[in-house]
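Protein chains in written order, with the numbering used here: chain Z, 1 to 115; chain B, 116 to 227.
We put the beta carbon where it would ideally sit given N, CA and C, even for glycine.
The structure appears below as structure tokens.
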């Protein structure tokens with residue numbers, strides 16, 4: 001089975017540009033999570049969805065960040081306008097309530113560099 | 116959410132058993148203890164989960180004392196490929212309703 005698929009794997013952009021990160025969760029999973037990882041702050045939960053509905057977005061840094069999940073197989077995280085401090089690795093993860101452990105399956109991440 | 120405390124880093128030689136302890140003094144009754152492993156340039160990967168006593172799988176063992184205020188991840192006979200960051204998480208059994216906090220993790224370095 002394919003795991004969580006994220007794109008792009010790497011993106012370099014200039015300050016002020018719009019950035020869109022994409023995620024395809026594992027088929028059948030009903031939870032989707034967006035995390036951000038930096039050396040300074042570690043791995044932070046930004047937002048998570050259940051059945052395509054945003055449940056908790058309190059981790060989203062500010063209004064420049066937005067996330068959508070238009071259907072069960074696709075989610076986006078958008079940053080507009082981007083700033084150098086947004087440089088980080090962004091991970092998407094999915095899970096299912098049918099799991100005995102609630103295990104999170106992570107994608108390989110999208111490394112964002114904002115110049 | 117129960118806060119966790121674990122060592123920032125550990126070193127060990129190949130072939131040894133490694134034990135990483137995590138403190139979670141405020142663990143709630145319905146909280147499970149879960150450990151993840153993260154290699155460089157990869158997302159975290161689930162290792163093991165437990166509620167009480169001992170859990171063992173093909174990768175590791177998890178020891179949880181009766182008071183559940185701490186837990187120990189045990190990696191038998193480590194190899195260089197076990198060099199990674201290990202995260203201890205504490206949360207409810209329905210992870211979709213919990214904001215999982217990964218913390219800083221323990222950076223394990225295996226020395227040849």
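Beta-carbon separation of residue i and residue j under 8 Å?
i, j, result
"residue 131 (chain B)", "residue 199 (chain B)", "no"
"residue 45 (chain Z)", "residue 33 (chain Z)", "yes"
"residue 218 (chain B)", "residue 119 (chain B)", "yes"
"residue 73 (chain Z)", "residue 8 (chain Z)", "no"
"residue 15 (chain Z)", "residue 84 (chain Z)", "yes"
"residue 12 (chain Z)", "residue 78 (chain Z)", "no"
Could you check how far apart the C-beta atoms of residue i and residue j are, in whole angstroms? I think they sit under 8 Å.
i, j, result
"residue 223 (chain B)", "residue 138 (chain B)", "Contact doesn't hold; Cβ gap of about 17 Å is too wide."
"residue 177 (chain B)", "residue 188 (chain B)", "6 Å"
"residue 202 (chain B)", "residue 151 (chain B)", "5 Å"
"residue 112 (chain Z)", "residue 86 (chain Z)", "6 Å"
Considering only residues of the same chain and omitting the five flanking positions on each side of residue i, which have a CB-CB separation below 6 Å?
i, result
"residue 174 (chain B)", "162"
"residue 17 (chain Z)", "82"
"residue 204 (chain B)", "149 and 215"
"residue 76 (chain Z)", "20, 22 and 68"
"residue 36 (chain Z)", "44, 46, 88 and 90"
"residue 49 (chain Z)", "32 and 69"
Within 8 Å (strictly less), CB to CB, does residue i reach chain Z?
i, result
"residue 219 (chain B)", "yes"
"residue 157 (chain B)", "yes"
"residue 215 (chain B)", "yes"
"residue 154 (chain B)", "no"
"residue 211 (chain B)", "Low confidence applies here, because residue 211 (chain B) scores a pLDDT of 48, under 50, leaving its location unreliable and the question unanswered by this model."
"residue 164 (chain B)", "yes"
"residue 178 (chain B)", "no"
Can you find a C-beta in chain B that's less than 8 Å from the C-beta of residue i?
i, result
"residue 106 (chain Z)", "yes"
"residue 83 (chain Z)", "no"
"residue 103 (chain Z)", "yes"
"residue 74 (chain Z)", "no"
"residue 93 (chain Z)", "yes"
"residue 11 (chain Z)", "no"
Closer than 8 Å by C-beta to residue i: which residues in its own chain qualify, once you throw out the five before and the five after it? Chain order, please.
i, result
"residue 107 (chain Z)", "3, 4, 5, 6, 23, 91, 92 and 93"
"residue 226 (chain B)", "126, 127, 128 and 129"
"residue 103 (chain Z)", "95"
"residue 57 (chain Z)", "46, 47 and 67"
Excluding sequence positions up to five away, which residues of its chain have a Cβ less than 7 Å from the Cβ of residue i?
i, result
"residue 135 (chain Z)", "The question about residue 135 (chain Z) has no answer, for chain Z in this structure spans 1 to 115."
- Is the segment 89-98 of chain Z close to the segment 61-70 of chain Z, with three or more CB pairs under 8 Å? Taking 8 Å as the limit for Cβ pairs, the verdict is that the segment 61-70 of chain Z does not touch the segment 89-98 of chain Z.
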